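Residue numbers (the numbering used here): 1 to 371. Here's the structure, in structure tokens; my notes come after.
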Amino acid sequence: MKQLVLKKFTERLPHSRAWYRMNATRALMGGHKAGGSAAGEAAAEAADEVTDSAASLRDRDALTEGGKLAVVEFASASVAVLESDQRARLTIRRYGNTRVRALIKVETVDGTATKDEDYVPFKKTIVFEPGETLQHIDVEIVDDDQWEPDETFFVKMSLEKGQQLVKLGPKMINQVTIINDDEPGTFEFENASYLFKESCAKACVPVRRLNGADGIATVHWKTEDQTAKAGVSYEGGSGELTFSHGEIEKTIDIVIYDVQSKEKDEHFKLVLSDCSMGSKLGKISSTIITIVNDDEYSSFISRLAHAANVELDNIRVDKHTYADQFKEAMNVNGGDLENATAFGLYYALSDVCLEDKGVLAVLDNALFSGF
Numbered sequence: 001m002k003q004l005v006l007k008k009f010t011e012r013l014p015h016s017r018a019w020y021r022m023n024a025t026r027a028l029m030g031g032h033k034a035g036g037s038a039a040g041e042a043a044a045e046a047a048d049e050v051t052d053s054a055a056s057l058r059d060r061d062a063l064t065e066g067g068k069l070a071v072v073e074f075a076s077a078s079v080a081v082l083e084s085d086q087r088a089r090l091t092i093r094r095y096g097n098t099r100v101r102a103l104i105k106v107e108t109v110d111g112t113a114t115k116d117e118d119y120v121p122f123k124k125t126i127v128f129e130p131g132e133t134l135q136h137i138d139v140e141i142v143d144d145d146q147w148e149p150d151e152t153f154f155v156k157m158s159l160e161k162g163q164q165l166v167k168l169g170p171k172m173i174n175q176v177t178i179i180n181d182d183e184p185g186t187f188e189f190e191n192a193s194y195l196f197k198e199s200c201a202k203a204c205v206p207v208r209r210l211n212g213a214d215g216i217a218t219v220h221w222k223t224e225d226q227t228a229k230a231g232v233s234y235e236g237g238s239g240e241l242t243f244s245h246g247e248i249e250k251t252i253d254i255v256i257y258d259v260q261s262k263e264k265d266e267h268f269k270l271v272l273s274d275c276s277m278g279s280k281l282g283k284i285s286s287t288i289i290t291i292v293n294d295d296e297y298s299s300f301i302s303r304l305a306h307a308a309n310v311e312l313d314n315i316r317v318d319k320h321t322y323a324d325q326f327k328e329a330m331n332v333n334g335g336d337l338e339n340a341t342a343f344g345l346y347y348a349l350s351d352v353c354l355e356d357k358g359v360l361a362v363l364d365n366a367l368f369s370g371f
């Protein structure tokens, strides 16, 4: 049992190439592990690392021709930085002959990232004095507010003329990736449904920008007929909202026709789609717009207020009834519609808004009555 547990444990350990080579050889030759201990495998892995280091030294020795030449290259073939870091630091190393002076030309080259727009171009001669083995260069990154996909540019090196004892290593080009960290946001309606009077003239429906407001972002919208028909009950169409950097709310304005119909309420759909790159649509990407005639709207408010008043009559102690509070919450200008402004004559009552105002009315009376 002890050996079985040890075997399972050692199988889960990370293994080097030496471990896999040994096991593959044993499998081919029909052999088996001599010990199977974790200590044995650790020794094999350590030996493998020594072998790799030795191979690296042999490569360097070959590149430098036995230490005769100075070899210069980047420490890595690529780096990645956040846009907000505002700089990319690259390390250049020299090995082999460190007794000679080495002059290396370093310059940037566009990739998907472009100079001046995404980074500040760099072109300079780097000097390794005798004994110097490391140099660092900084390439400035342009930190804007506009969302973009991750982009790359390159930094390459070349030799100045007349350097017989200096050569470039295999990592003579470095790829720099700029990781975008701007958040253009999420677009959605505030509520899943809205209620407007037929006489409101214009339905103003807010669109919110959440979870980020970096850069300029756009979202398309369109109307879709339901029981209400474009050109008859409202002015249908489509368009695009453009949000500036930091802007978090805009409105879609839909003209409502006052046909003074005695028919029941009608509705149409308002839909968001096709937002700009990096941004996305939220949960409430469409909303239902219901149009009711004035008489029906007033009747609706009266029925709601009456039901609330009857239901809560037993706990009413304030001089204002719940019905009065519902009326005040849902009427413009304190219910004086004749003297209300044109702006105040439209109503936007969603199920959520309605529920919130009803809860507030209950809490207001409950708190002040000691309930």
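The beta carbon of each residue, even a glycine, is placed where N, CA and C say it ideally should be. Predicted model only: the values in this text are computed from it and were never measured.
Out of the options, state which residue places its alpha-carbon closest to the alpha-carbon of residue i.
i: valine 124; options: Asp118, His136, Asn211; result: Per the sequence presented here, residue 124 reads as lysine, with valine not at that position. The shortest Cα separation from lysine 124 among Asp118, His136, Asn211 belongs to His136.
i: serine 84; options: Ala62, Ser244, Trp147, Ser158; result: Trp147
i: valine 232; options: Tyr257, Glu198, Leu210; result: Tyr257
i: glutamine 226; options: Lys167, Phe153, Glu266; result: Glu266
i: threonine 152; options: Asp138, Ala75, Asn174; result: Asn174
i: glycine 66; options: Ile284, Ala75, Asn97; result: Asn97
i: lysine 283; options: Gly215, Gln164, Phe189; result: Phe189
i: lysine 202; options: Arg101, Val255, Ala75, Asp145; result: Val255
i: lysine 68; options: Asp145, Gln164, Gly215; result: Gln164
Give a yes or no on whether the C-beta atoms belonging to residue i and residue j are separated by under 8 Å.
i: leucine 134; j: arginine 99; result: no
i: glutamate 73; j: glycine 162; result: no
i: isoleucine 104; j: isoleucine 126; result: yes
i: phenylalanine 196; j: isoleucine 289; result: yes
i: phenylalanine 187; j: serine 279; result: yes
i: alanine 113; j: lysine 171; result: no
i: glutamate 107; j: phenylalanine 122; result: yes
Have a look at residue i and residue j and give me their C-alpha separation to the nearest angstrom.
i: aspartate 271; j: proline 206; result: Here residue 271 is valine; the residue named in the question, aspartate, does not match the sequence. Cα-Cα distance, rounded: 12 Å.
i: valine 292; j: aspartate 110; result: 59 Å
i: serine 238; j: threonine 223; result: 6 Å
i: aspartate 253; j: tyrosine 119; result: 41 Å
i: tyrosine 347; j: proline 184; result: Legend: pLDDT at tyrosine 347 = 41, less than 50; position of this residue unreliable, value from coordinates given subsequently. Those two C-alpha atoms are separated by around 31 Å.
i: arginine 209; j: glutamate 249; result: 6 Å
i: aspartate 181; j: asparagine 191; result: 29 Å
i: aspartate 150; j: tyrosine 234; result: 44 Å
i: aspartate 274; j: alanine 70; result: 56 Å
i: leucine 90; j: serine 276; result: 34 Å
i: leucine 159; j: phenylalanine 128; result: 12 Å
i: leucine 63; j: aspartate 143; result: 39 Å
i: aspartate 61; j: aspartate 116; result: 41 Å
i: tyrosine 194; j: aspartate 294; result: 15 Å
i: valine 176; j: asparagine 211; result: 28 Å
i: valine 259; j: glutamine 86; result: 59 Å
i: phenylalanine 268; j: lysine 229; result: 7 Å
i: alanine 102; j: alanine 75; result: 16 Å
i: alanine 88; j: glutamate 198; result: 60 Å
i: proline 130; j: aspartate 59; result: 23 Å
i: leucine 281; j: methionine 157; result: 45 Å
i: aspartate 145; j: tyrosine 95; result: 41 Å
i: asparagine 339; j: glycine 215; result: A caution first: asparagine 339 carries a pLDDT of 41, below 50, which makes its placement in the model too unreliable to give a value.
If we cut at 8 Å on Cβ distances, does residue i have a partner in chain B?
i: aspartate 253; result: Of the protein chains in the structure, only one exists, and it is not chain B.
For my contact list, residue i and residue j are in at a C-beta cut-off of 8 Å; report their separation, rounded to the angstrom.
i: valine 155; j: valine 139; result: 7 Å
i: valine 81; j: isoleucine 178; result: 6 Å
i: threonine 251; j: cysteine 200; result: That belief does not hold up - the Cβ atoms of threonine 251 and cysteine 200 are roughly 14 Å apart, past 8 Å.
i: glycine 246; j: alanine 213; result: 5 Å
Quick one: does the C-beta of residue i sit closer than 7 Å to a heavy atom of the ligand ZN?
i: leucine 195; result: No copy of the ligand ZN occurs in the structure displayed, which carries no ligand at all.
Cβ contact check for the segment 235–255 and the segment 210–226: 3 or more pairs under 8 Å: yes
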